[in-house]
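Participant: Sending over a structure as C-alpha cells; questions will come in a sec.
There are 2 protein chains.
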Amino acid sequence: MLSKTSIPKYEKIMRYIKEKISNGEWPIGSKIPSQRQLAKEFNVNRSTVITALEELIADGLLEAQTGVGTIVTNNTWNLLSSSLNWNTHVEAGMLKQSRSTVQEINNSESQQQFIQLSKGELSSDMFPLQKMKDIINKVSNHITPFGYEEPRGYLPLRKAVSAYLHKMNVNVSPSSILIVSGALQALQLVSIGLLQKGSTILLEKPSYLYSLRIFQSAGINLTGMPLAHEGLLAQHLEHVKKKRKEAVLYTNPCFHNPTGTLMSEKRRKSIIETCTKHQIPIIEDDIYRELWFEKAPPLPLKSLDQTGHVLYVGSLSKTLTPGLRIGWIAAPEPVINRLADIKMQIDYGSSSLSQRVAAEWFQSGLYVEHVKKVRENLLERKNVALKLIKQHLEGLATWEEPQGGFFIWIHLLSPISMKSLYARARTQGIILNPGHIYHEQSSRYIRLSYAYASMQDLEIGIRKLGLLIRSLS
Amino acid sequence: MLSKTSIPKYEKIMRYIKEKISNGEWPIGSKIPSQRQLAKEFNVNRSTVITALEELIADGLLEAQTGVGTIVTNNTWNLLSSSLNWNTHVEAGMLKQSRSTVQEINNSESQQQFIQLSKGELSSDMFPLQKMKDIINKVSNHITPFGYEEPRGYLPLRKAVSAYLHKMNVNVSPSSILIVSGALQALQLVSIGLLQKGSTILLEKPSYLYSLRIFQSAGINLTGMPLAHEGLLAQHLEHVKKKRKEAVLYTNPCFHNPTGTLMSEKRRKSIIETCTKHQIPIIEDDIYRELWFEKAPPLPLKSLDQTGHVLYVGSLSKTLTPGLRIGWIAAPEPVINRLADIKMQIDYGSSSLSQRVAAEWFQSGLYVEHVKKVRENLLERKNVALKLIKQHLEGLATWEEPQGGFFIWIHLLSPISMKSLYARARTQGIILNPGHIYHEQSSRYIRLSYAYASMQDLEIGIRKLGLLIRSLS
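From first to last, the protein sequence lines are chains X and H. So in the UniProt record's numbering, spot 336 of the first sequence is number 336, and the numbers just go up one at a time. So in the UniProt record's numbering, spot 219 of the second sequence is number 219, and the numbers just go up one at a time.
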C-alpha cells in the first residue's frame with residue numbers, strides 16, 4: 001500500500017479532498033469545508049491548508065469564489081469528459097446525456113412506489129410466467145456449450161424470425177437478418193454505422209426518436225413532418241427531400257409512439273412509391289404491429305419493398321418482455337453485414353441465452369398464442385383507460401381511440417405548463433410523459449400508457465391527472 | 001401492390017438494376033450486363049436501356065467507364081453512409097469498419113472446420129454444462145416476471161459482484177457497479193461517454209485495444225508505451241503525460257492480451273502513485289485475472305486506489321462463457337451514473353435472463369469452484385502447447401512461459417511476411433492472429449492461444465505453423 005506517513009501534510013489534505021470529490025460525496029458545485037475547519041480537522045496551520053487548496057485550484061478541481069468560499073468545479077473523470085459542456089460532444093459525434101426528464105423517468109420507472117402512466121412496457125400481470133419457465137427449462141435441458149455467436153446472431157433464431165416475417169409478406173432469408181439487443185440498439189447501430197454526420201432523418205413529428213440522444217449526438221439532423229390522421233403524407237416527404245440530399249425516413253407506421261396513429265394501406269403504398277422514386281431509404285420501426293385490437297394492421301412497408309429500400313426493425317420487448325433484450329433488423333444483405341460487423345465491434349453480439357429462449361418462443365408456437373392473449377388484455381385496459389379519461393378529462397382534453405398499441409395521445413384544450421404538470425404529478429406519485437419529450441412543443445399533449453399500471457393505479461392516476469390539469473388551467 | 005404494368009419500360013429496367021444492386025447480387029465495383037444483353041432480356045430497343053442507365057448514372061448508382069462498360073459505383077444505403085470513404089467517419093466520430101483481418105477472423109471463428117489458434121475463448125470442453133443447466137433451472141424455478149432492469153443493472157448481481165470484488169480488496173458498493181454486456185461494451189461506453197474527441201489513451205504496446213476500432217473511430221488517440229518484462233513503467237507514463245494533457249491510461253495488468261505479461265506488485269504501486277500524482281484516470285481491464293497457474297496475481301490497481309482514479313473492468317467471458325454477455329465496471333458513483341445513463345441510451349441494459357443466471361453463478365459458490373477447474377485445465381493446455389512449440393519452433397522463435405491467461409506471444413528470430421503467413425495458414429485451415437493486429441509492426445510476432453483448440457488441433461496447428469514459418473523464412 002502507499003505509505004501514509006511519509007507524505008507531506010498538505011498532500012494528505014489534497015488526497016482527502018480528491019477522494020471526497022471523486023467518490024461523489026462532494027459533487028460539482030458544492031462548497032467544501034472552510035480553511036479553518038480543515039486546519040482543525042488535520043491539526044495543521046491554515047497555511048498548510050491553503051497550500052493544498054492552491055494545488056487543487058491549479059489542477060482545476062476547485063475554485064475560490066469571493067464571498068462564497070471554495071467550490072468543487074470538476075473531478076478527474078470530468079476533466080477528461082468535460083462534462084461541463086456536453087454540447088461540444090454533439091460536434092465530436094459523442095453521446096449526449098439524456099434529457100434530464102428522460103433520465104429521471106428512466107430512473108423512476110424502476111421504482112415501484114410510482115403510478116406509471118408513462119411506461120411503454122407490458123404490465124407484469126401479462127408476463128407469461130409459466131410459459132416462460134417451461135421454455136427456459138426446455139432450453140436448459142437441450143442446451144449445449146455456448147460462447148460467442150456468429151456476427152449476425154444465433155442461426156435458429158434468425159430462421160425463426162425469417163419464418164415469422166414471412167407470415168406478414170416480408171420475405172427475407174436468415175442471412176438478411178441481424179439479431180440485436182432490442183430495437184433501440186438497432187437504431188444505435190444505424191446511427192453509427194450507416195448515417196453520416198450532417199445527414200438527415202425525416203420523421204413523424206412528434207416522434208419517439210426525439211426522446212433519444214443517439215442521433216443528435218452523432219450530428220444527424222432530425223427533420224419532422226406533420227403526422228396526419230392516417231399517417232405520414234408522401235407529399236411532405238417529396239417536399240423535404242428536395243432540400244435534404246442525404247436523407248433517410250424513420251417511421252413507426254403501426255400504433256405510432258407517442259400518438260398511436262396507424263398508417264393506412266394507401267398511405268403506405270404512396271410512401272413506398274415516393275421513397276423508391278427519390279431513393280430515400282426507410283427505417284421501419286414496427287415494434288407495436290402485433291398489438292392490434294379489432295383487426296390486423298396493413299402489411300409492413302417492407303412487404304411492398306421491391307428494391308431493398310426498407311430496413312425493418314422488430315422486437316420482443318413490447319409483446320413478450322424487454323428483459324430478453326431481443327430484437328431484429330431485416331435489410332439487404334450488404335447492409336446487414338455492415339451492421340453485424342459494427343455490432344461485433346461494440347458488444348460482440350447479444351446474449352446467447354436470450355437468443356435461445358427467444359428462438360424457442362417462436363419455434364414452440366407459444367409466441368403467437370401469447371401475443372393473442374396480450375391483445376385481449378390490452379384491449380380491456382384500453383377500454384378502461386378510455387372510460388376513465390372520458391370521466392375525468394372530458395371538457396379538458398380531446399383524444400382519439402387507439403386501434404392498438406400502448407398509448408393514448410391526450411390533447412389538452414388549453415395549453416398548460418408541462419413542467420409544472422410533470423413535477424406536480426411526480427410529487428403525487430405519478431409519472432407521466434409530457435409531449436415535449438417527443439418534440440411536441442405546444443404544451444398541450446401528454447402520452448398516456450395504459451399498458452403498465454394496474455387497473456387500480458390507472459383509476460387513481462387518471463383521476464388525479466384530471467384534477468392536476470384543472471388546477472393548472 | 002405497386003402496379004407493374006403501368007410503369008414505363010425504362011423504369012422497369014431501372015427497378016431491376018436497383019434491386020440487383022441493393023440486394024447485393026451486383027456489388028459495388030462489378031460490371032453490369034451490356035446494353036445489348038439488357039435490351040434483349042427486356043425485349044426493348046437499346047435506346048430504352050440507355051435511358052434507364054443514364055437515369056441510374058445521374059442517381060450515382062452506376063458509372064460508365066470507357067473501354068470497360070457500366071460499373072456499379074454505389075447503392076442507396078451506401079449513398080447515405082458513403083462507405084466508399086470510411087475515413088471520413090473518423091472525423092465524424094462514427095464507427096469504422098473492422099480491419100479486414102479482424103473481420104475475417106470474427107467470421108472464421110464461428111466456422112468449425114478451422115483450427116483456431118487465434119481464439120480468445122475457452123474450449124467447449126471447459127464449458128460447465130451440467131452446472132449451467134442446474135443454474136438455469138434454478139433461476140427458472142424462482143423467476144418472477146422480468147422487464148427492463150434499473151439503469152445500473154440487476155441489483156442481486158451487483159451485490160454479488162460487489163462481494164466478489166471485496167475478496168480482492170476492491171471495496172465498492174453495488175451502487176458503484178454497472179453491469180455491462182461484456183468488457184468490450186465497457187470500453188464502448190467509456191469511448192462515447194467519458195472521452196472526448198482529441199483526448200488520448202495511453203496504453204501498452206502491443207495491445208488488444210489496437211485491434212478495436214471504437215476508440216479511433218471516436219477520434220481518440222492511442223499512444224503506446226513500451227511493455228517491459230513486469231509490465232508498464234511509470235516513468236514512460238510521466239514522460240508521455242507531459243505532452244498529452246487529456247490522457248487516460250488503459251492497462252491490462254494480468255496476463256496481458258496479446259503478450260501474456262503480468263504486472264508486478266511493485267510496478268502496480270508505482271503506476272498508481274504516478275497516475276494519482278498526475279491525475280491520470282486508469283481503465284484497468286482485468287478480465288484474465290482469475291486464470292493464473294501457480295499463484296494468484298498481485299491485487300488489482302483498483303485495490304490501491306484511494307482517490308477514485310481507477311475504472312475497473314471485469315467479465316465472465318474469459319472464465320465462464322462469453323455467451324452470457326455479462327461484465328461489469330466498478331468506478332466512482334458519478335462515473336457509474338453517467339455510464340449507466342449512456343447504456344440506457346444505447347441498449348436499455350443487458351439481458352435480464354443473463355443477469356439472473358450470472359448472479360446465481362456467484363451466489364451459489366459454483367463460480368469459484370468452476371474457475372478453479374478452468375485454471376487446472378488451462379495449465380495442462382499451456383504445458384502441452386509449450387512442449388509443442390519447443391518441438392516445432394525451436395531455433396525459429398523465442399517465447400516466454402505465461403503465468404496465466406490464454407496466450408503465448410511468439411517472437412520470430414527473423415521477420416517474415418505476416419500477410420503471407422496468415423493467408424497460407426488459413427489455406428491450410430489454421431486461423432492465427434499476427435502481431436500487427438495489435439500494432440506490433442516488426443513482422444516478428446504471433447499471438448497463439450492455447451485456450452480453444454482441441455489438444456489434437458493444437459498439435460496439428462503448431463506443427464504446421466513451424467513448417468510454414470520455415471517455408472517463409
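Backbone N, C-alpha and C fix where the C-beta goes; we use that ideal spot for every residue, glycine too.
With a threshold of 16 other CB atoms inside 10 Å of the CB of M94 of chain X, please say whether the residue is buried or exposed.
Facilitator: As a working mapping, residue 94 of chain X is identified with position 94 in the first sequence. With a pLDDT of only 49 at M94 of chain X, under the threshold of 50, the placement of this residue in the model should not be trusted; the figure read from the coordinates follows. Buried, since its Cβ has 16 or more Cβ neighbours within 10 Å.
Participant: First and last residue of the beta strand (DSSP E) that includes I32 of chain H?
Facilitator: Position 32 of the second sequence, counting from 1, holds the residue named residue 32 of chain H. Element bounds for I32 of chain H: n/a, residue is neither H nor E.
Participant: Would you kindly work out how many angstroms separate the C-alpha atoms of R338 of chain H and G260 of chain X, rounded to a whole number?
Facilitator: Along the second sequence, read from residue 1 onward, the residue named residue 338 of chain H stands at position 338. Along the first sequence, read from residue 1 onward, the residue named residue 260 of chain X stands at position 260. The straight-line gap from Cα to Cα measures roughly 32 Å.
Participant: Measure from the C-beta of F406 of chain H to each C-beta in chain X and report whether the shortest distance is under 8 Å.
Facilitator: Residue 406 of chain H sits at position 406 when you count from the first residue of the second sequence. Not an interface residue.
Participant: Would you kindly work out how many angstroms separate the C-alpha atoms of S417 of chain H and A451 of chain H, rounded to a whole number?
Facilitator: One-based indexing of the second sequence puts residue 417 of chain H at position 417. One-based indexing of the second sequence puts residue 451 of chain H at position 451. If you take the alpha carbons of S417 of chain H and A451 of chain H, they lie about 26 Å apart.
Participant: Quick check on this structure: which residue in X:I430, X:A425 and X:K419 has the alpha carbon closest to the alpha carbon of R444 of chain X?
Facilitator: Here the question's residue 444 of chain X lines up with position 444 in the first sequence. Answer by Cα proximity: X:K419.
Participant: Distance check for K20 of chain X and I282 of chain H, CA to CA, integer angstroms please.
Facilitator: To locate residue 282 of chain H, count along the second sequence from 1; it is residue 282. To locate residue 20 of chain X, count along the first sequence from 1; it is residue 20. When rounded, the distance between both Cα atoms is 18 Å.
Participant: At a CB-CB cut-off below 7 Å, which residues of chain X make contact with Y250 of chain H?
Facilitator: Translated into the one-based positions of the second sequence, residue 250 of chain H becomes position 250. Correct list: empty, because the minimum Cβ distance to chain X is about 13 Å.
Participant: With respect to the beta strand (DSSP E) encompassing L203 of chain H, which residues constitute its N-terminal and C-terminal limits?
Facilitator: Here residue 203 of chain H refers to the residue found at position 203 when the second sequence is read from its first residue. Run containing L203 of chain H: T200 to K205, per the beta strand (DSSP E) assignment.
Participant: When we look at the beta-carbon of N433 of chain X and count the other beta-carbons within 10 Å, is it buried (16 or more) or exposed?
Facilitator: Taking the first sequence and counting its residues from 1, the one referred to as residue 433 of chain X is at position 433. The residue in question, N433 of chain X, is buried, as its Cβ has 16 or more Cβ neighbours within 10 Å.
Participant: Which ranges does the beta strand (DSSP E) cover as unbroken runs of at least 3 residues, wholly within the segment 428-457 of chain H, from first to last along the chain?
Facilitator: Those beta strand (DSSP E) runs which fall completely within the segment 428-457 of chain H and span 3+ residues are 445-449.
Participant: Give the range of the alpha helix (DSSP H) segment to which V335 of chain H is assigned.
Facilitator: As a position in the second sequence, residue 335 of chain H is number 335, starting the count at 1. Counting along the chain, the alpha helix (DSSP H) containing V335 of chain H begins and ends at E333 to I346.
Participant: If you reduce the DSSP assignment to three classes, tell me which class S82 of chain X lands in.
Facilitator: Residue mapping note: residue 82 of chain X aligns to position 82 of the first sequence, counting from 1. Below a pLDDT of 50, predicted positions are generally treated as unreliable, and S82 of chain X, at 36, falls in that range; the measurement from the model is reported next regardless. Coil.
Participant: Name, please, each residue of chain H whose Cβ falls closer than 7 Å to the Cβ of F146 of chain X.
Facilitator: Within the first sequence, numbered from 1, the residue matching residue 146 of chain X stands at position 146. Those are T321 and G323, listed as they occur along chain H.
Participant: Between the alpha carbons of T51 of chain X and S449 of chain H, how many angstroms are there, rounded?
Facilitator: Within the first sequence, residue 51 of chain X is the residue found at index 51, counting from 1. Within the second sequence, residue 449 of chain H is the residue found at index 449, counting from 1. The alpha-carbon atoms of T51 of chain X and S449 of chain H are separated by roughly 52 Å.
Participant: Tell me the rounded alpha-carbon separation between F114 of chain H and S108 of chain H.
Facilitator: In the second sequence, the residue the question calls residue 114 of chain H occupies position 114. In the second sequence, the residue the question calls residue 108 of chain H occupies position 108. Taking the straight line joining both Cα atoms gives about 7 Å.
Participant: Is any beta-carbon of chain H found at less than 8 Å from that of Q65 of chain X?
Facilitator: Taking the first residue of the first sequence as position 1, residue 65 of chain X is located at position 65. False, the Cβ-Cβ gap to chain H never drops below 8 Å.
Participant: Does chain H have any CB closer than 8 Å to the CB of Q345 of chain X?
Facilitator: Here residue 345 of chain X corresponds to residue number 345 of the first sequence, with the count starting at 1. Closer than 8 Å: yes.
Participant: So the candidates are H:I17, H:A163 and H:Q306; which of them puts its Cα closest to the Cα of T276 of chain H?
Facilitator: Taking the second sequence and counting its residues from 1, the one referred to as residue 276 of chain H is at position 276. Checking every option, the nearest Cα to that of T276 of chain H belongs to H:Q306.
Participant: Pull up the DSSP beta-bridge partners for N221 of chain X, would you.
Facilitator: The sequence position of residue 221 of chain X within the first sequence is 221, counting from 1. For N221 of chain X, which the question treats as bridged, DSSP gives the partners X:T200.
Participant: So M225 of chain H and K205 of chain H are supposed to be a Cβ contact under 8 Å. How far apart are they, rounded?
Facilitator: Taking the first residue of the second sequence as position 1, residue 225 of chain H is located at position 225. Taking the first residue of the second sequence as position 1, residue 205 of chain H is located at position 205. Right, the Cβ-Cβ distance comes to about 6 Å (below 8 Å), so this counts as a contact.
Participant: Which class does P298 of chain H belong to by DSSP, given the choice of helix, strand or coil?
Facilitator: Within the second sequence, numbered from 1, the residue matching residue 298 of chain H stands at position 298. The answer is coil: DSSP assigns P298 of chain H none of H, G, I, E or B.
Participant: Per DSSP, which residues does V180 of chain X bridge with? Please list them.
Facilitator: Taking the first residue of the first sequence as position 1, residue 180 of chain X is located at position 180. In DSSP, V180 of chain X forms a bridge with X:G327.
Participant: Pull up the distance between the alpha-carbon of P174 of chain X and that of L155 of chain X, whole angstroms please.
Facilitator: One-based indexing of the first sequence puts residue 174 of chain X at position 174. One-based indexing of the first sequence puts residue 155 of chain X at position 155. Computed Cα separation, rounded: 7 Å.
Participant: Can you round the beta-carbon distance between I271 of chain X and L237 of chain X to whole angstroms, since I take them to be within the 8 Å contact cut?
Facilitator: Taking the first residue of the first sequence as position 1, residue 271 of chain X is located at position 271. Taking the first residue of the first sequence as position 1, residue 237 of chain X is located at position 237. That pair is a contact at about 7 Å.
Participant: Please list, in chain order, all residues of the same chain as L209 of chain H whose beta carbon is under 8 Å from its beta carbon, the five residues on each side excluded.
Facilitator: What you label residue 209 of chain H is simply residue 209 of the second sequence in a count that begins at 1. Here the set comprises L187, I201, L203, F215, L222 and Y250.
Participant: From the beta carbon of E55 of chain H, is the nearest beta carbon of chain X less than 8 Å away?
Facilitator: Position 55 of the second sequence, counted from the first residue, corresponds to residue 55 of chain H. Not closer than 8 Å to any Cβ of chain X, the Cβ of E55 of chain H fails to qualify, so no.
Participant: Give the residues of chain H in contact with Q185 of chain X, contact being defined as C-beta atoms less than 9 Å apart.
Facilitator: Sequence index remark: in the first sequence, residue 185 of chain X carries index 185 (1-based). Within chain H, the residues near Q185 of chain X are I346, D347 and Y348.
Participant: Could you name the residues of the same chain whose beta carbon sits closer than 7 Å to that of E333 of chain X, not counting the 5 residues immediately before and after it, in chain order?
Facilitator: Residue 333 of chain X sits at position 333 when you count from the first residue of the first sequence. Cβ neighbours of E333 of chain X beyond the five flanking positions: S175 and S176.
Participant: Could you name the residues of chain H that G182 of chain X contacts, counting a contact when the two beta carbons are closer than 8 Å?
Facilitator: Residue numbering aside, residue 182 of chain X sits at position 182 when the first sequence is read from its first letter. What G182 of chain X touches in chain H: D347 and Y348.
Participant: Tell me which residues share the same chain as K302 of chain H and place their Cβ nearer than 7 Å to its Cβ, disregarding the 5 neighbours each side in the sequence.
Facilitator: Reading the second sequence from its first residue, position 302 is the one you call residue 302 of chain H. So the list reads V170, E284, V310, Y312 and A330, once near-sequence residues are dropped.
Participant: Quick one: which chain H residues come within Cβ less than 9 Å of I143 of chain X?
Facilitator: The residue given as residue 143 of chain X occupies position 143 in the first sequence. Under the 9 Å cutoff, chain H gives L129, M132, K133 and I136.
Participant: Are H370 of chain H and K159 of chain H closer than 8 Å when you measure CB to CB?
Facilitator: Stepping through the second sequence from its first residue, residue 370 of chain H is reached at position 370. Stepping through the second sequence from its first residue, residue 159 of chain H is reached at position 159. Their beta carbons are not under 8 Å apart, which means H370 of chain H does not touch K159 of chain H by this criterion.
Participant: Ordered along the chain, which non-local residues of its own chain (more than five positions away) have a Cβ less than 6 Å from that of E265 of chain H?
Facilitator: Position 265 of the second sequence, counted from the start, is the residue given in the question as residue 265 of chain H. Cβ neighbours of E265 of chain H beyond the five flanking positions: P298.
Participant: Going by DSSP in three states, I283 of chain X sits in which element: helix, strand or coil?
Facilitator: In the first sequence, the residue the question calls residue 283 of chain X occupies position 283. Looking at I283 of chain X - three-state DSSP - the assignment turns out to be strand.
Participant: Within a Cβ cutoff of 6 Å, which residues of the same chain sit near A39 of chain X, ignoring the five residues on either side of it in sequence?
Facilitator: As a position in the first sequence, residue 39 of chain X is number 39, starting the count at 1. Same-chain partners within the cutoff: R46 and V49.
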